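Protein sequence lines, in the order shown, are assigned to chains A and B.
Counting from 1, position 79 in the first sequence corresponds to residue 79 in the working numbering; the numbering is continuous, with no gaps.
Plus 113 on top of the position in the second sequence (first one is 1) and you've got the working numbering.
Note that beta-carbon positions come from the ideal geometry of N, C-alpha and C, so glycine has one too.
All figures in this text were calculated on a predicted structure; none of them were measured in a lab.
The structure appears right after this line, and notes come after that.
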Amino acid sequence: SQTIHQWPATLVQPVGSPLSLECTVEGTSNPNLYWYRQAAGRGLQLLFYSVGIGQISSEVPQNLSASRPQDRQFILSSKKLLLSDSGFYLCAWTSPGRLPEAFFGQGTRLTVV
Amino acid sequence: AQKVTQAQTEISVVEKEDVTLDCVYETRDTTYYLFWYKQPPSGELVFLIRRNSFDEQNEISGRYSWNFQKSTSSFNFTITASQVVDSAVYFCGLVDNYGQNFVFGPGTRLSVLP
């Protein structure tokens, strides 16, 4: 069965420090991968999505970047965190060629202090 | 560009009342899929329903029902006889036929009071 792993679950980082959040998917090939951010009390903002290795689409210009070094690995990064980067980050995947449904990771709660 | 609007930011009802959550979408695609997800306080997103753009039949699942109207680009969600456990944030979502560019509305926070 397909599963999605996202870590860490919580993270507290100082302003100006780097960030790396990792997401991996098991049990499927060539998934579409997504990073969403949910600020406190707000909706889901699509940050990046990827349809293949090295292919990244950015929906919102920001302090973050994404990379997909392997088929089932999606990484969210920042060189220098801002206070406004605090939020709940969710990784998700959908499987092309099937009835689409987004499967979500458990999320990472990032607090920038 | 695809867009989903959920005009109701927060709704409060008393247990056993019926409640409808509105969802309006925009897309240039002729084939697409609409979704509803539930986000309880724990944070994970729980899949509720998927509907493709060619199927306008309304659907009922227990206390949940969905009304898809292509003419008004709406996909509303009704909970009948609400319960406290229904309290959550509900997201309406839209994705193209290839499962790419999956976007969500801002969510509606539903509070069901005992």
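*For S174 of chain B, name the three-state secondary structure that DSSP assigns.*
Position 61 of the second sequence, counted from the first residue, corresponds to residue 174 of chain B. The answer is strand: DSSP assigns S174 of chain B an E or B state.
*Check D199 of chain B in the structure and name its three-state DSSP category.*
By one-based count along the second sequence, residue 199 of chain B stands at place 86. D199 of chain B: helix per DSSP, three-state reduction.
*Euclidean distance between Cα positions of S178 of chain B and S125 of chain B*: Taking the first residue of the second sequence as 1, we reach residue 178 of chain B at position 65. Taking the first residue of the second sequence as 1, we reach residue 125 of chain B at position 12. Cα to Cα, S178 of chain B sits roughly 19 Å from S125 of chain B.
*Just how far apart, CA to CA, sit R176 of chain B and A194 of chain B?*
As a working mapping, residue 176 of chain B is identified with position 63 in the second sequence. As a working mapping, residue 194 of chain B is identified with position 81 in the second sequence. When rounded, the distance between both Cα atoms is 7 Å.
*Provide the residue span of the beta strand (DSSP E) that contains I4 of chain A, from first to last.*
As a position in the first sequence, residue 4 of chain A is number 4, starting the count at 1. Run containing I4 of chain A: T3 to W7, per the beta strand (DSSP E) assignment.
*Please say whether N210 of chain B and Q115 of chain B have beta carbons closer to each other than 8 Å?*
Looking up residue 115 of chain B in the second sequence gives position 2. Looking up residue 210 of chain B in the second sequence gives position 97. No, Cβ-Cβ distance for Q115 of chain B and N210 of chain B is not below 8 Å.
_Simplified DSSP assignment, three categories, for L11 of chain A_ = Numbered from 1 along the first sequence, position 11 holds the residue referred to as residue 11 of chain A. DSSP places L11 of chain A in strand when its eight states are reduced to three.
*Using 8 Å as the threshold, is the stretch 125–145 of chain B in touch with the stretch 153–161 of chain B, meaning 3 or more CB pairs across them?*
no
*asked:* I want to know whether the stretch 188–204 of chain B touches the stretch 85–98 of chain A - three or more CB-CB distances under 8 Å.
replied: no
*Rounded to the nearest angstrom, how far is the Cβ of D131 of chain B from that of I173 of chain B, given a contact under 8 Å?*
Within the second sequence, residue 131 of chain B is the residue found at index 18, counting from 1. Within the second sequence, residue 173 of chain B is the residue found at index 60, counting from 1. That belief does not hold up - the Cβ atoms of D131 of chain B and I173 of chain B are roughly 13 Å apart, past 8 Å.
_Contact criterion: CB-CB distance below 8 Å. Does L158 of chain B meet it with respect to chain A?_
Position 45 of the second sequence, counted from the first residue, corresponds to residue 158 of chain B. At least one chain A Cβ lies under 8 Å of L158 of chain B.
_Three-state secondary structure (DSSP) of T122 of chain B_ = Looking up residue 122 of chain B in the second sequence gives position 9. The answer is coil: DSSP assigns T122 of chain B none of H, G, I, E or B.
*How about the stretch 155–166 of chain B and the stretch 5–12 of chain A: do they share at least three Cβ pairs that are nearer than 8 Å?*
no
*Taking Cβ to Cβ, would you say G107 of chain A is nearer than 8 Å to F217 of chain B?*
The residue you call residue 107 of chain A lines up with position 107 of the first sequence. The residue you call residue 217 of chain B lines up with position 104 of the second sequence. No. Outside cutoff.
*asked:* Is it buried or exposed, N32 of chain A, if we count other Cβ atoms within 10 angstroms and call 16 or more buried?
replied: Locating residue 32 of chain A in the first sequence gives position 32, where the first residue counts as 1. Label assigned to N32 of chain A: buried.
*If R109 of chain A and T28 of chain A are in contact, beta carbons under 8 Å, what's the gap, nearest whole angstrom?*
In the first sequence, the residue the question calls residue 109 of chain A occupies position 109. In the first sequence, the residue the question calls residue 28 of chain A occupies position 28. Contact flag wrong, Cβ pair sits at about 26 Å.
*asked:* Using a Cβ-Cβ distance cut-off of 8 Å, determine whether V216 of chain B contacts chain A.
replied: Position 103 of the second sequence holds residue 216 of chain B. Chain A, which has a Cβ nearer than 8 Å to the Cβ of V216 of chain B, makes this yes.
*Taking the Cβ atom as the reference point for each residue, do S95 of chain A and D85 of chain A lie within a distance shorter than 8 Å?*
Your numbering for residue 95 of chain A matches position 95 in the first sequence. Your numbering for residue 85 of chain A matches position 85 in the first sequence. Result no, Cβ atoms of S95 of chain A and D85 of chain A do not sit closer than 8 Å.
_Beta-carbon proximity of L47 of chain A to L19 of chain A, cut-off 8 Å_ = Position 47 of the first sequence, counted from the start, is the residue given in the question as residue 47 of chain A. Position 19 of the first sequence, counted from the start, is the residue given in the question as residue 19 of chain A. No, these two residues do not count as a Cβ contact at 8 Å.
*Have a look at G16 of chain A and T111 of chain A and give me their C-alpha separation to the nearest angstrom.*
The residue labelled residue 16 of chain A in the question sits at position 16 within the first sequence. The residue labelled residue 111 of chain A in the question sits at position 111 within the first sequence. Spanning the two alpha carbons is a distance of roughly 13 Å.
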